[in-house]
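Enquirer: Structure provided below as structure tokens; questions to follow.
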Amino acid sequence: MSKESQYIILNPQLKVIGVTDINGATPFSADTITRQIADTDNTTDDVSTGVENFNTNNDPNANSKNWNHTGEITVAEGYPDSYKVAANNYLMYWDESAQHYYVMYISQEDDAGTDASGRHVNTYQLENVLITNMNDHIPLKTKLTDVNAETAFTTLFTNSNWKLDFQAKSALLSTTEFDGTSNAMSYLQAMLAAYDVEMDAYAELSSNGDIKNLVVQIVDKLGTDAHHWVADYGNNLTGITRTTVYSNVVTKLHIVGAKGETIARVNNGKDYLVDDQANRLYNPNWKNGTYLEGTVTFANVEQYQALKDLGQKQLDLFNHPRISYEVTPTANFNPGLGDNIRGTDRKMVPELTIDARVISVTTSKADYTQNLAQFGEFVTLHPTTPSYIQDLLNKMNDQIAGLLDDVKNGKTIATAKAITPFGTSWSDVDDSKTIIAQVWADGTNITSYISPSGFTWYKSDLTTGVHDVDWETKHANDGYQIILDNGETGHFECHIDGDYIQDTAEVDITAENSLVLNFEHSKMPNDHWGDSTNGAMQYVYYDATNNLYIGAMVYSGSQPQSKYTDLEFNRFKPDGTYVDSMIFQGGSHGASFGCQVVNGVPQIWQYAVDVSNGSGHLAYFNWKANTEIKIGSGATAVCDLDEYKRVNVDFEHGWVMASDGAGVIEVCKLDDAKNGSWLPIYRFDLTQFGIHPTQYSSEGAAITGSNTLQSNDIYFPYVFINSGDSNHVDQPILWCINLITETLVFKQVNTTDRFGADILNQTTSEHYDFEPETIGVYKDSSGFYILQGFNYEKLENSAIHLLRGLWKTPIEVRDS
7 MSKESQYIIL
17 NPQLKVIGVT
27 DINGATPFSA
37 DTITRQIADT
47 DNTTDDVSTG
57 VENFNTNNDP
67 NANSKNWNHT
77 GEITVAEGYP
87 DSYKVAANNY
97 LMYWDESAQH
107 YYVMYISQED
117 DAGTDASGRH
127 VNTYQLENVL
137 ITNMNDHIPL
147 KTKLTDVNAE
157 TAFTTLFTNS
167 NWKLDFQAKS
177 ALLSTTEFDG
187 TSNAMSYLQA
197 MLAAYDVEMD
207 AYAELSSNGD
217 IKNLVVQIVD
227 KLGTDAHHWV
237 ADYGNNLTGI
247 TRTTVYSNVV
257 TKLHIVGAKG
267 ETIARVNNGK
277 DYLVDDQANR
287 LYNPNWKNGT
297 YLEGTVTFAN
307 VEQYQALKDL
317 GQKQLDLFNH
327 PRISYEVTPT
337 ANFNPGLGDN
347 IRGTDRKMVP
357 ELTIDARVIS
367 VTTSKADYTQ
377 NLAQFGEFVT
387 LHPTTPSYIQ
397 DLLNKMNDQI
407 AGLLDDVKNG
417 KTIATAKAIT
427 PFGTSWSDVD
437 DSKTIIAQVW
447 ADGTNITSYI
457 SPSGFTWYKS
467 DLTTGVHDVD
477 WETKHANDGY
487 QIILDNGETG
497 HFECHIDGDY
507 IQDTAEVDIT
517 AENSLVLNFE
527 HSKMPNDHWG
537 DSTNGAMQYV
547 YYDATNNLYI
557 GAMVYSGSQP
567 QSKYTDLEFN
577 RFKPDGTYVD
587 SMIFQGGSHG
597 ASFGCQVVNG
607 VPQIWQYAVD
617 VSNGSGHLAY
627 FNWKANTEIK
637 IGSGATAVCD
647 LDEYKRVNVD
657 FEHGWVMASD
667 GAGVIEVCKL
677 DDAKNGSWLP
687 IYRFDLTQFG
697 IHPTQYSSEG
707 AAITGSNTLQ
717 SNDIYFPYVF
727 INSGDSNHVD
737 QPILWCINLI
747 TETLVFKQVN
757 TTDRFGADIL
767 NQTTSEHYDF
777 EPETIGVYKD
787 SSGFYILQGF
797 NYEKLENSAI
807 HLLRGLWKTP
817 IEVRDS
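Dropping the structure here:
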């Protein structure tokens, strides 16, 4: 066995416990590892034009730096070391081009079906252990004012169990404030951009093969400047994709120095520099005497010629589009991350002749055809401070207003990004393809703030370039998403009109909260069998047809119970009067369920366990008062679900969603589920929206900054999620996400004063309970609204009383 063909398996203590090798006793397949030093981009146009205020650190190659190191691997079960490849363990591998061992944390395990031999296989998601550690590490609160890079990185990695190898010579100074609550990973990314440096994170081994040190290396540039890698299409490349970004081209740059001085004294009375050649190339209105203008300020530069020289350097950075390339290499082409590349493709129009750096590499030990290298200039992304990253969502309503104003008046460039969730190649099983447009500004997805009329789609022939006017007319009102018919091909573009940027998101929540259902815990009625119904109502559905509320709680009453978690449903009138019940053996926790009324009878859809064999399913049942049911007896299994899920159904639009404890959301067509197949059309991770499913310390306490997921609901394309717990570690928060554009539409922190001035909170009681439970979205003749449920406490007659309440809150849908 060779280290080039294997991954070494480590336990949570980073001790070697096994190995998986392509040619060994425990083989693997479908492995890919991606390392990057910066973001590439797929945008081609911007929303607005105008004057851009650049600063001395606004080198686009610095500001788009975003280090990442992730991967994936598939291992079949039944081999000697298969069971050791498991979530929370690690894989270590050797990278020949980097000449380092890398340790990858196994962050997720997914069932991948069976292989050709019939063995069950699992796919594992990997991330560099530094990412894991830094996401869990919170630096001590301190402020570093105008410090150099070495001081900043030394402070960041103090007490982190990583050895810092600082080799950078960056002379930049920056101010960083560690707030004592944000994790170290957000600061790390911001500091790489602020100091214009790059990094690597690897392991040093002892002579016996054990890990001696985990090392983070900070350098000015990774890779080598020697042009020993020459990429030539037809020789060592089998494919090239070129992406050109026109977002920030500047052809006339105004230059300002200390105390507002300009370069006019040394530049023939002009306070600006121009590039006429670039202006003719990239400014469509150049014949009218206009330029693409920007302003740069060097607040500490007083010498005029130095000011001009710096301005010229800045203009050289912005006088052309940003270009990046993705190449598919042959087996003998293996550039390292950061290496310089010379590339040629004489057949590409315009001809490809470049000199650029590798900014991302993807490698595979099992299949070299999966290797990819991306190289070129980095797209311009503006760095954000860690405190802004921490507070962005909490202050969304305040911050977004200023951000949108900046986009409208040209101070901030917005960019459009096209995503194709189902790929771009047709197969014989495809009947449609989807293209979704996202709009970003300063690292924030602002798609929710653009009206559908602001998206204009164009289609042209791949060969002739002729526009398909009929197609463009057909899709004129499609908004941010278009669906292509079977086999449809062409060149598709989406142009964004900044005039349609709105001041409000597509969905917003109001402050009108009215209590519609309320119980005092100690006075809740008994059910049909004489047992109390005072358990926490995990989810409540309002049946408008019968004007009844259906609440679900974990069952622990007097009736026969299964060895699995059983669930009780109770119906109440709006005044709290008890009506009837049902007990679902294997009904699980009941944190969410879907319901529709069929011929006056509620039909409930949820996750459930078949108590006869322990298998999990999406199941449904029709209401039959005061009965006990289970799958196969009163309840019907629809399709398999491998683990507990919070299930909701949008019957109006035909979608069913499921969320798990790790924060993964899957949305399927209801018809597919009814036909026995769970086939996710949309799938995303809540962590990308700043939601971090609850993590616990070694003492069992919830970690500050994590979110206890409670329940969810769907009204396509919107997903509503609430989080929070009575532990007071994480705030009660309501989130709304557009699952098509993957945009955070709004985030509402639910404080007690929004629901009643007499509800106990942290300022009125040392011990209080304010825990969210239900979130449901509804539509009636007056519009949209949500129902939010909370366990809460009040002080009455010197005694604390626990209550369970359900509030109705209108929501506003902007373009309905």
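In terms of the working numbering, the sequence shown opens at residue 7 and continues consecutively. Note that the Cβ used here is the ideal one computed from N, Cα and C, for glycine as well.
The alpha helix (DSSP H) with Q737 in it runs from where to where?
Expert: Residue mapping note: residue 737 aligns to position 731 of the sequence shown, counting from 1. Premise fails: Q737 is in no alpha helix (DSSP H) and is neither H nor E.
Enquirer: How should I442 be labelled, buried or exposed, when 16 other C-beta atoms within 10 angstroms of its C-beta is the threshold for buried?
Expert: Taking the sequence shown and counting its residues from 1, one reaches residue 442 at position 436. That one is buried.
Enquirer: Checking the sheet assignment: what are the DSSP bridge partners for D27?
Expert: The residue labelled residue 27 in the question sits at position 21 within the sequence shown. BP columns for D27 point to Q12.
Enquirer: Using CA coordinates, which residue listed in Q105, Y278 and G77 is at the minimum distance from Q320?
Expert: Translated into the one-based positions of the sequence shown, residue 320 becomes position 314. For the residues Q105, Y278 and G77, the minimum Cα distance to Q320 belongs to Y278.
Enquirer: Hey, is the stretch 607-625 in contact with the stretch 640-650, meaning 3+ C-beta pairs nearer than 8 Å?
Expert: Yes, the stretch 607-625 touches the stretch 640-650.
Enquirer: Is DSSP giving N451 helix, strand or coil here?
Expert: One-based indexing of the sequence shown puts residue 451 at position 445. N451 falls in the strand class under three-state DSSP.
Enquirer: Less than 8 Å between the beta carbons of N713 and S665, yes or no?
Expert: Counted from its first residue, the sequence shown places residue 713 at position 707. Counted from its first residue, the sequence shown places residue 665 at position 659. Not closer than 8 Å, so no.
Enquirer: Considering only their Cβ atoms, is the gap separating G186 from P87 smaller than 8 Å?
Expert: Counting from 1 along the sequence shown, the entry for residue 87 is found at position 81. Counting from 1 along the sequence shown, the entry for residue 186 is found at position 180. The identity of residue 87 in the sequence shown is Asp, whereas the question assumes Pro. Contact: no.
Enquirer: What residue from G582, L132, T161 and T257 has the CA that sits closest to P290's CA?
Expert: Within the sequence shown, the letter at position 284 stands for residue 290. Of G582, L132, T161 and T257, the residue nearest in Cα terms is T257.
Enquirer: Would you decide whether Q544 is buried or exposed? Buried here means 16 or more other CB atoms lie within 10 Å of its CB.
Expert: Walking along the sequence shown from the start, residue 544 turns up at place 538. That one is buried.
Enquirer: Drop a sphere of 10 angstroms on the beta-carbon of D281, count the other beta-carbons inside from all chains shown, and report buried for 16 or more, exposed for fewer.
Expert: Position 275 of the sequence shown, counting from 1, holds the residue named residue 281. D281 should be labelled buried.
Enquirer: With DSSP as the reference, please indicate the residues paired to R689 in a beta bridge.
Expert: Taking the first residue of the sequence shown as position 1, residue 689 is located at position 683. Looking at the DSSP assignment, R689 forms a beta bridge with E672.
Enquirer: Assuming Y464 and H501 form a contact by the criterion Cβ under 8 Å, report the distance between their Cβ atoms to the nearest whole angstrom.
Expert: The residue you call residue 464 lines up with position 458 of the sequence shown. The residue you call residue 501 lines up with position 495 of the sequence shown. Indeed they touch by this definition, with Cβ atoms about 7 Å apart.
Enquirer: Using CA coordinates, which residue listed in N134, I727, A36 and Y130 is at the minimum distance from T76?
Expert: On the sequence shown, position 70 is the one that residue 76 refers to. Ranking the options by Cα distance to T76, first place goes to N134.
Enquirer: Can you check whether the CB of S180 is closer than 8 Å to the CB of V203?
Expert: Working through the sequence shown from its first residue, we reach residue 203 at position 197. Working through the sequence shown from its first residue, we reach residue 180 at position 174. No; because the gap between Cβ atoms is not below 8 Å, this pair is not in contact.
Enquirer: Within its chain, find whatever has a CB closer than 6 Å to the CB of H473; leave out the 5 residues flanking it on each side and keep chain order.
Expert: For the purposes of this step, residue 473 is taken as the residue at position 467 of the sequence shown. Excluding positions up to five away in sequence, the list reads S466.
Enquirer: Should Q311 go down as buried or exposed, given a rule of 16 or more other Cβ atoms within 10 Å for buried?
Expert: Residue numbering aside, residue 311 sits at position 305 when the sequence shown is read from its first letter. It counts as exposed.
Enquirer: Would you kindly work out how many angstroms separate the C-alpha atoms of N139 and N532, rounded to a whole number?
Expert: Here residue 139 refers to the residue found at position 133 when the sequence shown is read from its first residue. Here residue 532 refers to the residue found at position 526 when the sequence shown is read from its first residue. Cα to Cα, N139 sits roughly 49 Å from N532.
Enquirer: Report all residues from its chain with a CB closer than 6 Å to the CB of R41; omit the five preceding and five following residues, and keep chain order.
Expert: Within the sequence shown, numbered from 1, the residue matching residue 41 stands at position 35. Taken in chain order, the residues that qualify are H75, L343 and V367.
Enquirer: Restricting to runs no shorter than 3 residues, where is the beta strand (DSSP E) found entirely within the stretch 84-142?
Expert: Within the stretch 84-142, the complete beta strand (DSSP E) runs of at least 3 residues are 96-101, 106-120 and 126-134.
Enquirer: Who pairs with I697 in a beta bridge, going by DSSP?
Expert: Reading the sequence shown from its first residue, position 691 is the one you call residue 697. Looking at the DSSP assignment, I697 forms no beta bridge with any residue, so it has no partner.
Enquirer: Can you look up K529 in the DSSP assignment and give me helix, strand or coil?
Expert: Taking the sequence shown and counting its residues from 1, one reaches residue 529 at position 523. Helix at K529.
Enquirer: Please confirm whether D514 and E818 have their CB atoms less than 8 Å apart.
Expert: Position 508 of the sequence shown, counted from the start, is the residue given in the question as residue 514. Position 812 of the sequence shown, counted from the start, is the residue given in the question as residue 818. Yes.
Enquirer: Pair every Cβ in the stretch 631-641 with every Cβ in the stretch 652-666, then say whether three or more of these pairs are closer than 8 Å.
Expert: Verdict: no, contact absent.
Enquirer: Exposed or buried, L521, counting other C-beta atoms within 10 Å across all chains shown (16 or more means buried)?
Expert: As a first step, residue 521 is located in the sequence shown; it is residue number 515 there, counting from the start. Its Cβ having fewer than 16 others within 10 Å, L521 is exposed.
Enquirer: Sort G811, Y111 and T301 by Cα distance to I765 and report the nearest one.
Expert: Taking the first residue of the sequence shown as position 1, residue 765 is located at position 759. Nearest C-alpha to I765: G811.
Enquirer: Tell me which residue opens and which closes the beta strand (DSSP E) that W629 is part of.
Expert: Your numbering for residue 629 matches position 623 in the sequence shown. Premise fails: W629 is in no beta strand (DSSP E) and is neither H nor E.
Enquirer: Using the C-alpha atoms, what's the distance from L298 back to A511?
Expert: Here residue 511 corresponds to residue number 505 of the sequence shown, with the count starting at 1. Here residue 298 corresponds to residue number 292 of the sequence shown, with the count starting at 1. Each residue's alpha carbon lies about 30 Å from the other.
Enquirer: Applying the 10 Å Cβ sphere with the 16-neighbour rule, what's the burial state of K71?
Expert: To locate residue 71, count along the sequence shown from 1; it is residue 65. By the neighbour-count rule (16 or more Cβ atoms within 10 Å), K71 is buried.
Enquirer: Just to confirm my understanding: we take D821, look at its own chain, exclude 5 residues before and 5 after, and list those with CB closer than 8 Å. What are they?
Expert: As a first step, residue 821 must be located in the sequence shown, where it is residue number 815. The residues are S457, P458 and E512.
Enquirer: Considering only residues of the same chain and omitting the five flanking positions on each side of N483, which have a CB-CB separation below 8 Å?
Expert: Position 477 of the sequence shown, counting from 1, holds the residue named residue 483. Once the five neighbours on either side are set aside, the close Cβ partners of N483 are P458 and S459.
Enquirer: For V755, which residues of its own chain have a beta-carbon under 6 Å away from its beta-carbon, when the five flanking residues on both sides are left out?
Expert: Start at 1 with the first residue of the sequence shown, and residue 755 comes out as number 749. Taken in chain order, the residues that qualify are Q737 and I739.
Enquirer: Just reading off the alpha helix (DSSP H) that N189 is part of, what are its end residues?
Expert: For the purposes of this step, residue 189 is taken as the residue at position 183 of the sequence shown. Counting along the chain, N189 falls outside any alpha helix (DSSP H), and DSSP gives it neither H nor E.
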